[in-house]
């Protein structure tokens, strides 16, 4: 039996399952796997919905477009329970200045990218130089003492980005 016939049989089995059982199986999967599962066929694309409970929005036109798509979707708009607004702005002149440097970052996926090293370094500098400005926030000072290394911080970033 060829692989195309086997995959058709598998899809027939999935299509024959009650949606309650299929949704119970899908709810045990992480969002990354649900995304992959949705790409396998149109049946799973419509029935394996990702768990969305948070929407991030900024002044970026693409973010606003995605937010509008979620708001106009019949299912997803009811699943969002939290909207996080990022009001930070990127200075485009700085982005252009470092564009050539950032382009080489994708060569080695195991390496911490240059842009992340710069941001991490500047944040550590600000934290260390302005530590006296946080006397009324002991939990913040404690968090600064036990901060992640560059590699650990990038690992956390990648984990959050993959969700």
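Residue numbers (this note's numbering): 302 to 464.
For glycine and all other residues, C-beta sits at the position ideal for the given N, C-alpha and C.
Model, not experiment: these values are computed from the prediction.
Look at the segment 343-382 and you find these whole runs of alpha helix (DSSP H), each 4 residues long or longer: 343-348, 362-373 and 377-380. Residue 424 and residue 347 have their C-alpha atoms spaced approximately 42 Å apart. By the neighbour-count definition (other C-beta atoms within 10 Å, threshold 16), residue 452 is an exposed residue. When DSSP reads this structure, residue 388 sits in no beta bridge, so it has no partner. For residue 376 against residue 340, the beta-carbon gap comes to about 18 Å, at or over 8 Å, which does not count as contact. Following the DSSP letters along the chain, one finds residue 320 inside the alpha helix (DSSP H) bounded by residues 320-327. In the structure shown, the three-state DSSP call for residue 332 is helix.
In the structure shown, residue 461 falls within a helical segment according to DSSP collapsed to helix, strand and coil. Burial check for residue 356: the Cβ neighbour count within 10 Å reaches 16 or more, so the residue is buried. Distance from the CA atom of residue 365 to the CA atom of residue 383, rounded to whole angstroms, is 16 Å. The residue among 345, 337, 456 and 336 with its C-alpha nearest the C-alpha of residue 314 is 345.
DSSP, reduced to helix, strand and coil, places residue 339 within a helical segment of the structure shown. Using a Cβ distance threshold of 8 Å, residue 333 and residue 463 count as a contacting pair. Looking from the CA of residue 378, the closest CA among 454, 415, 354 and 413 belongs to 354. A straight-line Cα-Cα distance of about 19 Å links residue 328 and residue 460. Note on geometry: alpha-carbon atoms of residue 336 and residue 422 lie some 34 Å from one another.
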